[in-house]
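So for the sequence shown, the numbering used here puts the first residue at 27; every next one is plus one. For each residue, glycine too, the CB sits at the ideal point set by N, CA and C. Because the structure is a prediction, the values reported are computed rather than measured. First up is the structure itself, then whatever we jot down about it.
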Amino acid sequence: MDSANSSEAVDTEYNTLQKVREIESAAIEANEAVSLATEAASRELRHSMNAFNSKLEATIDHGKVDIESAVYTGQQILAAAIEDGKREIKNIHKTSPRKEYEEHSRQSDDLLRRLKEFYVEILSHVPICPLMPNQDTLLGEYTVPPKIVLLPKRKCRRLVDKLRIYTYKDILYTTGKLNKRIFLQGEPGSGKSTFAARLILDWCGQPSRVYPEQFSDLETLNVFKFVFYIELRECMHQREVLKMIQEQIVDLLYHTGEDRNNVQRLVQNIIETEVCCVLQDGLDEWADPEGRLAVPLLSTIGNECTVLTTSRPWKLTDERIKDSQIDILLELTGIIDPYLLCKIILRCTQSDDFECKYSELISYISKSKLESLLPSPMMTSLVVCAWLDDVGVEGSVTEIYSILLDFLFKKANGKPGYFNPPQFRCLAHTRYIQPNIDLFVALSRAAFELMFSGEKETSIVFGDRELLKYVSMEEKSLALTTGILSERKSPSFTYRKSICFFLHKSIQEFMAAYHIACNLDVTSDALASYLQRNPNAYLDLSQVFIYVCGMDSVSANRLSCILDNYSIIHTSVHDCRELQCLIVSGFKECQANKQSIIDNCLKLSNFDFDYVIDPEDIDALKSILMLNMNNINSIHVTIDSVHIHDLPRILMSSAHCLEQLHLCLQGTLDEMHSSAPQHADARGKQHSIVSLPDVLCRQRKLHSLTLASISRVVDVRKWLGHPNQGWSDIESIPLPPSLACFTLTHGKCSSSWLRNVLIKMSTFKHNVKFVLDMCTINQRDASEASTLRPVSNTIDRAPSNDMSGVSLVSDVDSAGLYEAIHGTGVRRLTLKGVENTTLLSDTVPTLTKLEKLRLVLSEYIQLQLPTRLKRLMAIYESLSPSSFRRMLNQLSCLGSYVECCILFGCEAPRDEYTCTPDKQYIDQLDNVIVKSFTKGEGFYVVDDVTFHADDIEDLHFFRDAKIWFRQYIALVVEINKPH
27 MDSANSSEAV DTEYNTLQKV REIESAAIEA NEAVSLATEA ASRELRHSMN AFNSKLEATI
87 DHGKVDIESA VYTGQQILAA AIEDGKREIK NIHKTSPRKE YEEHSRQSDD LLRRLKEFYV
147 EILSHVPICP LMPNQDTLLG EYTVPPKIVL LPKRKCRRLV DKLRIYTYKD ILYTTGKLNK
207 RIFLQGEPGS GKSTFAARLI LDWCGQPSRV YPEQFSDLET LNVFKFVFYI ELRECMHQRE
267 VLKMIQEQIV DLLYHTGEDR NNVQRLVQNI IETEVCCVLQ DGLDEWADPE GRLAVPLLST
327 IGNECTVLTT SRPWKLTDER IKDSQIDILL ELTGIIDPYL LCKIILRCTQ SDDFECKYSE
387 LISYISKSKL ESLLPSPMMT SLVVCAWLDD VGVEGSVTEI YSILLDFLFK KANGKPGYFN
447 PPQFRCLAHT RYIQPNIDLF VALSRAAFEL MFSGEKETSI VFGDRELLKY VSMEEKSLAL
507 TTGILSERKS PSFTYRKSIC FFLHKSIQEF MAAYHIACNL DVTSDALASY LQRNPNAYLD
567 LSQVFIYVCG MDSVSANRLS CILDNYSIIH TSVHDCRELQ CLIVSGFKEC QANKQSIIDN
627 CLKLSNFDFD YVIDPEDIDA LKSILMLNMN NINSIHVTID SVHIHDLPRI LMSSAHCLEQ
687 LHLCLQGTLD EMHSSAPQHA DARGKQHSIV SLPDVLCRQR KLHSLTLASI SRVVDVRKWL
747 GHPNQGWSDI ESIPLPPSLA CFTLTHGKCS SSWLRNVLIK MSTFKHNVKF VLDMCTINQR
807 DASEASTLRP VSNTIDRAPS NDMSGVSLVS DVDSAGLYEA IHGTGVRRLT LKGVENTTLL
867 SDTVPTLTKL EKLRLVLSEY IQLQLPTRLK RLMAIYESLS PSSFRRMLNQ LSCLGSYVEC
927 CILFGCEAPR DEYTCTPDKQ YIDQLDNVIV KSFTKGEGFY VVDDVTFHAD DIEDLHFFRD
987 AKIWFRQYIA LVVEINKPH
């Protein structure tokens, strides 16, 4: 069994080995097959790859050809498209401006058509009586020739001969150039708004045939493509002109928001590019909501827009309105022929027996002395309408407005009633105010409070909220019924805002005046506060004051005191003169209403008779002067304006308060000496004041004295010397110790007298200035040789070296002048016309205390300057480069600090003064520092930046030189003391 098993195991192993060999043989065969197959596949693959590569290369080459062909074709197509695009763009550029221009022209023509239709509709009719708008007539039939005159931009006095304006060309053009900023001023009711309407209708092609001899040059207005008319009283909430135009014109002419926006952009484009006109009516009825602008905001720089503005005169006194902002200033003083207007009104109201009615009217005007009111078209229409209604008027503006309001109040209550007795005389002829007195009082209070107690921007145009503080809804409704108040609604997306205003500003002023006259104790504080809040609206009270004068003299006196006190503290000389005109008008209104002016005189402290032309006004001013003798602050008077016998009494009465005295004298004062008023001294003893010197010696506060001869050169010693005393007595020279400035004009004196005056002034305990204007100074003769003593021996209190407070100014020099000042201690010397250069050279070194020297010379001269000199100011009509160098060289050698302000005309091109060698020459001067260097031509315009002037007189010295230079140089150099 074991051997069997062993044999079986051997067989199994053999079989296994046999199978292994078979497997190995099969594997070898398989490997060989795989190798053969792999080699075959490799050969096939290499063949395929070679074939593919060949085909690929062929395909790539073919693709490159196709791509290059496609690119070339694309380039050709793109180039053609670009050319087509360029041609299309060119065509667009060619056609777009034309289309844009055509669209602009279409819109402009449409706006122009609408504008003219709008103006014709709203401006063609005018009320027969301006404050009764329901009765109107065609403006073309109602207009009468206006009286317009040309004014200087800033009036220093009223001119006798004013240039009359007869054509639109005279208004629009100055020296052939279109004016951009035109101002037309006029008093209330003078016809400013009517003239503005007439101008616009003439531009629209609706000319008037009433006065073809004036303003008939309608072709002149054709220079304006557009005219935009703005009523400023309707724009109290706006400050920009473009927004005003949108509200008053564009929003009314176009209905959709898109049209309004498009047209508003068109208007802005027109103002910027077209020759157009913006007519602003009623500047005095507008105030900047932000309180910064004097006129509505519209730039005229870089465009061809002309702005024509109408206003009351007081508004143009605003210091924010500069001379440079006024191209031409005009004044509409009224109408030339008021009787023509009377005829027109009668024709509009009377159809029967016209000639007879007209004769009766003229007789009534003459008998009632109403001629002075007629130049105002509003007053003329009121007088005629009052006469037609058989109401008597006696030359009082206050009475006329009383009658006018009486007509209006009839609509509230037609039942007549009378004041018994009338509170004020002007109400005596009224029939309908008394039955409506509660409404009258309430509206008067509202008129005052809105005008003077509220904000400036709500004083003329106000809302319901402001108005209802003072009146009830029922009273407001009645006021609207009478026409005294007007109301308008302004469009709004959220609510309709109510805008109210009195029918005319003069109506509001009259009613405010009534409130003042009835409640003076309450209103005086409010008026004083108003003046403090609105310093530029000082003359806004003018018309109110005149009405108060017509009502009550006591109230007028109190109000005049407020105005006068304010004018002394806050206002300029120009405003003081305007106040004088206002007081004169108020005085005449008091007389017209038979008010007592003796016990309750109008207060006025500053008088200038040279500013008044009308003889009637001069008489009134004389009366006011005599009533104010005890409180005169300043007086500018010509002897023939005030009776010479009254002058000493006037001056003596104001000796305690008179500060400025300007006398224009006719020859000597022999007439004054011949009539001597009496004056009581402290003991009650009567003394005769026989001369001007007696009066001057008694002045306590006089700080400015001017004596001028208006007929011929007069020896001033005849004015200031005592008839029975010698001329050389220094103590007898009648200059009060308070005097700070003494001016002589067209006078003649000797060097001895002039020297004595300087010595006299040197005794005063303050700085003083002596001005000689066109005066003749004679050298002393043998008889006066002993009077011209050394200054140190002349008066004990005035040694020769004690004139440090004295300044002398003269427009011309002379041998007598140099003789008088030789060796004195004058601190400041100004000579505006040096002709005697040798005498100047001899005199200046002797003025050892001189600190400031101002000279005007024709050419450079070398001067030995005093060592104490601190500032030299010189104007040379011409200076050569070599003289310029000599001047600098001399200044550099000064042994002390000096500031030199030099202005001279160039004899050579300016580069020769600023370039080599002069520039190098200046740089080489160790002690000379150039602080400023200015070049120019024409009249030199001085500025405080260039000259760093700390003295206003320094600026005036250059500003008043009035020398025209072809070319000039102005420089400031500082000379430092060498170490």
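- Message: Going by the DSSP bridge assignment, what does Lys203 pair with across the sheet?
- Response: Thr200.
- Query: Nearest-angstrom Cα distance between Ile486 and Thr456?
  - Reply: Taking the straight line joining both Cα atoms gives about 26 angstroms.
- Message: Checking 8 angstroms against the spacing of the C-beta atoms, do Ile658 and Ser611 come in under that value?
- Response: Contact check for Ile658 against Ser611 fails: the beta carbons are separated by 8 angstroms or more.
- 8 angstroms Cβ cutoff, Cys368 in contact with chain B: Considering every chain present, this structure includes no chain B. It has just one protein chain.
- Task: Would you check if the segment 775–787 and the segment 841–853 touch, i.e. whether three or more CB-CB distances between them fall below 8 angstroms?
- Result: The answer is yes - the segment 775–787 touches the segment 841–853, with three or more Cβ pairs under 8 angstroms.
- Message: Tell me the residue span of the alpha helix (DSSP H) that contains Thr336.
- Response: Run containing Thr336: none in the alpha helix (DSSP H); it sits in the beta strand (DSSP E), 331–337.
- For Gln686, which three-state DSSP category applies? Here Gln686 sits in strand by DSSP.
- Task: Below 7 angstroms CB to CB, which residues in the same chain sit around Ser550 once its five sequence neighbours on both sides are set aside?
- Result: Apart from sequence neighbours up to five positions away, the residues of its chain that approach Ser550 with a beta-carbon distance below 7 angstroms are Arg584, Ile588, ordered along the chain.
- Item | Terminal residues of the beta strand (DSSP E) in which Trp990 lies | Where Trp990 is concerned, the enclosing beta strand (DSSP E) stretches over 990–1001.
- Sub-8 angstroms separation of Tyr194 and Phe254 beta-carbons: A distance of 8 angstroms or more separates the beta carbons of Tyr194 and Phe254.
- Task: Kindly indicate which residue of Gly360, Leu387, Cys374, Ile371 has the alpha-carbon position closest to the one of Leu400.
- Result: Check the Cα spacing between Leu400 and each of Gly360, Leu387, Cys374, Ile371: the tightest is with Gly360.
- Ignoring anything shorter than 3 residues or poking outside the segment 238–279, list the beta strand (DSSP E) runs there in chain order. For the beta strand (DSSP E) assignment, the uninterrupted runs of no fewer than 3 residues enclosed by the segment 238–279 are, from N- to C-terminal side, 252–257.
- By how many angstroms is the C-alpha of Cys452 removed from the C-alpha of Phe768? Between the alpha carbons of Phe768 and Cys452 lies a gap of roughly 48 angstroms.
- With 16 other Cβ atoms within 10 Å as the buried cut-off, status of Tyr540: Tyr540 is buried by the Cβ-count criterion.
- Query: Which of helix, strand or coil does DSSP assign to Ile93?
  - Reply: Judged by DSSP in its simplified three-state form, Ile93 adopts helix.
- Query: Of the choices Pro214, Leu728, Thr732, whose alpha-carbon is the least far from that of Pro1006?
  - Reply: Outside the displayed range of the chain (27 to 1005) lies residue 1006, so it cannot be described from this structure.
- Message: Buried or exposed, going by whether 16 or more other CB atoms sit within 10 Å of the CB of Tyr280?
- Response: Buried: at least 16 other Cβ atoms inside 10 Å.
- Three-state class that DSSP yields for Lys218 in the structure shown: Helix, per DSSP.
- Task: Quick one: measure Cβ to Cβ for Leu476 and Ile510, integer angstroms, because I've assumed they're closer than 8 angstroms.
- Result: That pair is no contact at about 13 angstroms.
- Message: Using 8 angstroms as the cut-off, can you tell me whether the segment 368–383 makes contact with the segment 349–360, which would need three or more C-beta pairs spanning the two stretches below that distance?
- Response: No: the two stretches stay apart, fewer than three of their Cβ pairs being nearer than 8 angstroms.
- Query: Taking the Cβ atom as the reference point for each residue, do Glu861 and Glu885 lie within a distance shorter than 8 angstroms?
  - Reply: Not closer than 8 angstroms, so no.
- For Thr942, I'd like the list of residues in its chain whose CB is within less than 8 angstroms of its CB, leaving aside the five on either flank, ordered along the chain. With a pLDDT of 46 at Thr942, under the threshold of 50, the modelled position of that residue is not reliable, and the figure given next carries that caveat. Counting only Cβ-Cβ distances below 8 angstroms, and skipping sequence neighbours, we find nothing.
- Message: On the DSSP bridge list, what partners appear for Tyr902?
- Response: Leu883, Phe930.
- Option in Leu387, Cys303, Glu345 with minimal Cα separation from Val333: Minimum Cα distance to Val333 is reached at Cys303.
- Query: When the Cα atoms are used, what is the spatial distance from Ser80 to Gln101?
  - Reply: Distance from the CA atom of Ser80 to the CA atom of Gln101, rounded to whole angstroms, is 31 angstroms.
- Can you list, in chain order, the residues of its chain whose CB lies under 6 angstroms from that of Gly752, leaving out five sequence neighbours each side? Here the model assigns Gly752 a pLDDT of 49, short of 50, so the residue's position is not dependable, and the following value carries that caveat. Correct list: empty, nothing qualifies.
- Which residues DSSP lists as bridging Leu356, in chain order: Beta-bridge pairing links Leu356 to Leu176, Leu210.
- Sequence-distant residues of the same chain with beta carbon closer than 6 angstroms to Phe466, five excluded per side: Cβ neighbours of Phe466 beyond the five flanking positions: Ile459.
- Message: Quick check: what's the CA-CA separation for Trp312 versus Leu718?
- Response: Our two residues, Trp312 and Leu718, have alpha carbons roughly 50 angstroms apart in a direct line.
- Item | Whole-Å CB distance - Leu358 paired with Ser150, under 8 angstroms assumed | Not quite, the Cβ-Cβ distance comes to about 21 angstroms (not below 8 angstroms), so this is no contact.
- Where does Lys112 fall in DSSP's three states? Correct three-state label for Lys112: helix.
- Query: Got a sec, what are the start and stop residues for the alpha helix (DSSP H) Leu857 sits in?
  - Reply: It is not in any alpha helix (DSSP H) - Leu857 instead sits in the beta strand (DSSP E) that spans 854–857.
- Using the Cα positions of Ile715 and Val797, report the straight-line distance between them to the nearest angstrom. At Ile715 the pLDDT is 47, less than 50, meaning the model places this residue with poor confidence; the figure from the coordinates comes in the next sentence. Spanning the two alpha carbons is a distance of roughly 27 angstroms.
- Do the CB positions of Met1020 and Phe450 come within less than 8 angstroms of each other? Any answer about residue 1020 is impossible in this case: the structure gives the chain only from 27 up to 1005.
- Query: Between Phe478 and Ser337, is the Cβ-Cβ spacing less than 8 angstroms?
  - Reply: Judged by their CB atoms, Phe478 and Ser337 are not nearer to each other than the 8 angstroms cut-off.
- Task: Using beta-carbon positions only, say whether Glu570 and Ala618 come within less than 8 angstroms of one another.
- Result: The identity of residue 570 in the sequence shown is Val, whereas the question assumes Glu. No, they are not a contact pair.
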